[in-house]
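**Q** Under this note's numbering, the first residue of the sequence shown carries the number 247, and numbering increases by one thereafter. Let me give you the structure first, and then I'll get to my questions.
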Amino acid sequence: MGRTGTRGEMEEQDSTGMNSLSLFGPCGLFLRLQRWISWTYNSELGPSIIKIPQRTISTGRALWRRHIRPIPVLVFTGGGYYGYQHYRGSRQELEGAQPALATPTQVALYRSFPTRMISRVWGKINGVDLPTFLRKPLYSLYIWTFGVNMQEAAVEDLHFYKNLGEFFRRRLKPAARPVCSSSCLTSPADGKVLHFGSVKNSQVEQVKGVTYSLEHFLGPHKGNGQGDLRVSHPDNDLFHVVIYLAPGDYHCFHSPVDWSVQLRRHFPGSLMSVSPGVAHRVKELFCLNERVALTGQWEHGFFSLTAVGATNVGSIRIYFDPELQTNTPKYRKDSCHERCYQGDESGVTLEKGAPLGEFNLGSTIVLVFEAPKDFTFNLKAGQKIKVGEGLGLLS
Numbered sequence: 247m248g249r250t251g252t253r254g255e256m257e258e259q260d261s262t263g264m265n266s267l268s269l270f271g272p273c274g275l276f277l278r279l280q281r282w283i284s285w286t287y288n289s290e291l292g293p294s295i296i297k298i299p300q301r302t303i304s305t306g307r308a309l310w311r312r313h314i315r316p317i318p319v320l321v322f323t324g325g326g327y328y329g330y331q332h333y334r335g336s337r338q339e340l341e342g343a344q345p346a347l348a349t350p351t352q353v354a355l356y357r358s359f360p361t362r363m364i365s366r367v368w369g370k371i372n373g374v375d376l377p378t379f380l381r382k383p384l385y386s387l388y389i390w391t392f393g394v395n396m397q398e399a400a401v402e403d404l405h406f407y408k409n410l411g412e413f414f415r416r417r418l419k420p421a422a423r424p425v426c427s428s429s430c431l432t433s434p435a436d437g438k439v440l441h442f443g444s445v446k447n448s449q450v451e452q453v454k455g456v457t458y459s460l461e462h463f464l465g466p467h468k469g470n471g472q473g474d475l476r477v478s479h480p481d482n483d484l485f486h487v488v489i490y491l492a493p494g495d496y497h498c499f500h501s502p503v504d505w506s507v508q509l510r511r512h513f514p515g516s517l518m519s520v521s522p523g524v525a526h527r528v529k530e531l532f533c534l535n536e537r538v539a540l541t542g543q544w545e546h547g548f549f550s551l552t553a554v555g556a557t558n559v560g561s562i563r564i565y566f567d568p569e570l571q572t573n574t575p576k577y578r579k580d581s582c583h584e585r586c587y588q589g590d591e592s593g594v595t596l597e598k599g600a601p602l603g604e605f606n607l608g609s610t611i612v613l614v615f616e617a618p619k620d621f622t623f624n625l626k627a628g629q630k631i632k633v634g635e636g637l638g639l640l641s
């Protein structure tokens, strides 16, 4: 909008305000020239007001609301953040450095990532039948990427598997996994040994220097009130072993001993990655993730096998328990759902090496068991192991 008045009035107004503007050098001169031109133009037209047509200037707020949605933002930022943290942890592991533990804020951010929903979507995709011409190239790419040994499969023809789910859960030839008869405890799954050792004061070592509560992991247990709650004999100790199943591993798991399963506990939870890099960074990772714990008795006392879910592995199946449903929206996170198998006093009897259950992709098996104090593991951390191979011996 223009200014009105005589040249003297204009100069008087300028003299009170332009002294400070002159401090800005060329900017002050430019503003003074602009005012002089405005006064000259108005003096020729006479006292008037020059009206400038109004125009609407978009602030960008409506555009932001139109094109940005919170869920995709969470997916990309959360996924990028997780990818960066996983990469950093892997680099530290390769360099021999102990990765720093994630802060509670970092863990909360990771848990807020919609891994349960993503895993359900992935489960639906796994069940979609593939055109016959796509099966061989798609499965061949997976085999090459993860080093799958199809010579062990009961059916080697890739066209036989209608969808990804069937391929992931492929069965093996009967002689592919012989069960070690000389070992009292055998591996329940193909995978990598993450950690093993004794359980002290009801604390289980997740990785070196990082522990979690046994009661938090398996749920409450009524014991004799002395020492470790699940030790029934003073000459016994509690032991544990953790086996990580990679995507290329055989996805079924088997009974590691002759035992009786008396109780099943299902803990709905998060579905964070359980890869070694994440296990070194997230404290109580196995307690936060969804899991199915089977507890019972073997010849030396307490025995438990826990199948821990992971990202894209929300589906955990137990063959003798068709009622079990995992990664379902009807169950609230951090709740617990039990089923007792002791209707006939003995529970569900399983033989060593018998098929027990399966994952949809790959995850983790944790064994916690009571054994005599002279029990020793014949394992090394990081060792690759297969179903039926011996885990330890009694002296």
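By construction, the Cβ of each residue, glycine as well, lies at the ideal position given by its N, Cα and C atoms. All values derive from a computational prediction rather than experimental measurement.
Give the range of the beta strand (DSSP E) segment to which Lys-438 is assigned.
**A** Counting along the chain, the beta strand (DSSP E) containing Lys-438 begins and ends at 437-445.
**Q** Could you tell me if Glu-545 is buried or exposed, where buried requires 16 or more neighbouring beta carbons within 10 angstroms of its beta carbon?
**A** The residue in question, Glu-545, is exposed, as its Cβ has fewer than 16 Cβ neighbours within 10 Å.
**Q** By Cβ distance, which residues of its chain are closer than 7 Å to Val-520, with the 5 residues on each side in sequence left out?
**A** Once the five neighbours on either side are set aside, the close Cβ partners of Val-520 are Tyr-490, Leu-531, Asn-535, Val-554, Ala-556, Ser-609, Thr-610.
**Q** Would you mind listing the beta strand (DSSP E) stretches within the segment 501-562 that are 3+ residues and don't spill past its ends, in chain order?
**A** As far as the segment 501-562 is concerned, its whole beta strand (DSSP E) runs of at least 3 residues are 505-513, 537-544, 547-554.
**Q** Let me know the secondary structure DSSP gives Glu-461 once reduced to three states.
**A** Correct three-state label for Glu-461: helix.
**Q** Taking all protein chains shown into account, do 16 or more other C-beta atoms lie within 10 angstroms of the C-beta of Ile-631, making it buried, or fewer, making it exposed?
**A** Ile-631 comes out buried.
**Q** In whole angstroms, what separates the C-alpha of Lys-454 from that of His-462?
**A** Each residue's alpha carbon lies about 19 Å from the other.
**Q** I'd like the list of long-range same chain contacts for Arg-578, defined as Cβ closer than 8 Å, with 5 residues on each side in sequence excluded.
**A** Once the five neighbours on either side are set aside, the close Cβ partners of Arg-578 are Pro-514.
**Q** What residues in its chain sit with their C-beta under 6 Å from that of Leu-570, if we drop five residues either side in the sequence?
**A** Ile-564, listed in sequence order.
**Q** When the Cα atoms are used, what is the spatial distance from Lys-576 to Leu-639?
**A** Whole-angstrom Cα-Cα distance: 43 Å.
**Q** Taking DSSP as the reference, what is the three-state secondary structure of Cys-426?
**A** In the structure shown, Cys-426 sits in coil (DSSP, three-state: anything other than H, G, I, E or B).
**Q** Please state if the CB of Asn-409 and the CB of Gly-373 are separated by a distance shorter than 8 Å.
**A** Cβ distance < 8 Å, so Gly-373 and Asn-409 count as in contact.
**Q** Output yes or no for whether 8 Å exceeds the beta carbon distance between Val-367 and His-486.
**A** The answer is no: Cβ separation not under 8 Å.
**Q** Helix, strand or coil, according to DSSP, for Thr-572 in the structure here?
**A** Reduced to three states, the DSSP call for Thr-572 is coil.
**Q** According to the Cβ coordinates, are Gly-628 and Gln-508 closer than 8 Å?
**A** Result no, Cβ atoms of Gly-628 and Gln-508 do not sit closer than 8 Å.
**Q** Measure the alpha-carbon distance for Tyr-385 versus Phe-499 and round it to whole angstroms.
**A** In a straight line, the C-alpha of Tyr-385 is about 22 Å away from that of Phe-499.
**Q** Can you tell me which of the three DSSP states Arg-381 falls into?
**A** Helix, per DSSP.
**Q** Is it buried or exposed, Phe-276, if we count other Cβ atoms within 10 angstroms and call 16 or more buried?
**A** With a pLDDT of only 40 at Phe-276, under the threshold of 50, the placement of this residue in the model should not be trusted; the figure read from the coordinates follows. By the neighbour-count rule (16 or more Cβ atoms within 10 Å), Phe-276 is not buried but exposed.
**Q** Would you kindly check if the distance between the Cβ of His-497 and the Cβ of Phe-442 is under 8 Å?
**A** Against a cut-off of 8 Å, the Cβ pair of His-497 and Phe-442 comes out as no contact.
**Q** Can you check DSSP and say which residues form a bridge with Asn-482?
**A** Answer by DSSP bridge pairing, in chain order: Pro-618.
**Q** So for Arg-585, helix, strand or coil by DSSP?
**A** If DSSP states are grouped into helix, strand and coil, Arg-585 belongs with the strands.
**Q** Please confirm if Val-488 has its CB atom under 8 Å from at least one CB of chain B.
**A** Checking the listed chains, one finds no chain B in this structure; it contains a single protein chain.
**Q** Might you give, ordered along the chain, the residues of its own chain that have their beta carbon closer than 6 Å to the beta carbon of Gly-599, omitting 5 neighbours on each side?
**A** Same-chain partners within the cutoff: Val-425, His-500, Gly-634.
**Q** Take the Cβ of Ser-304 as the centre, count every other Cβ of all protein chains shown within 10 Å, and call the residue buried at 16 or more, exposed below.
**A** Confidence at Ser-304 is low in this model, with a pLDDT of 43, below 50, so the placement of that residue is unreliable and no value is reported for it.
**Q** Do three or more CB pairs link the segment 345-362 to the segment 375-390 at distances below 8 Å?
**A** They do not touch, by the three-pair rule.
**Q** Straight-line CA distance for Cys-533 to Lys-619?
**A** If you take the alpha carbons of Cys-533 and Lys-619, they lie about 26 Å apart.
**Q** Since Arg-510 and Asp-567 are thought to touch, with beta carbons under 8 Å apart, how far apart are those beta carbons, to the nearest angstrom?
**A** Their Cβ separation, rounded to whole angstroms, is 6 Å, which keeps Arg-510 and Asp-567 in contact under 8 Å.
**Q** Does the distance from the CB of Gly-603 to the CB of Ile-562 come in under 8 Å?
**A** Yes. Within cutoff.
**Q** Within its chain, find whatever has a CB closer than 6 Å to the CB of Phe-214; leave out the 5 residues flanking it on each side and keep chain order.
**A** Outside the shown range of the chain, which is 247 to 641, sits residue 214, and nothing can be said about it.
**Q** Can you grab the Cα-Cα spacing for the pair Gly-324 / Gly-369, in whole Å?
**A** Note on Gly-324: pLDDT 48, under 50, position unreliable in the model; no value is reported.
**Q** Measuring straight from C-alpha to C-alpha, what distance separates Ser-429 and Leu-355?
**A** Cα-Cα distance, rounded: 43 Å.
**Q** Identify the continuous alpha helix (DSSP H) that holds Leu-644 and give its terminal residues.
**A** Absent from the structure is residue 644, since the part of the chain shown begins at 247 and ends at 641.
**Q** Roughly how many whole angstroms lie between the Cα atoms of Ala-400 and Arg-416?
**A** So the two alpha carbons sit approximately 8 Å from each other.
**Q** Identify every residue that forms a DSSP beta bridge with Val-623.
**A** A small correction: the amino acid at residue 623 is Phe; Val does not occupy that position in the sequence shown. Gly-638.
**Q** Which residue's Cα is closest to the Cα of His-467: Gly-437, Gly-542, Thr-391?
**A** The shortest Cα separation from His-467 among Gly-437, Gly-542, Thr-391 belongs to Gly-542.
**Q** Among the residues of its own chain, which have a CB less than 6 Å from the CB of Arg-585, if the five just before and after it don't count?
**A** Correct list, in chain order: Arg-510.
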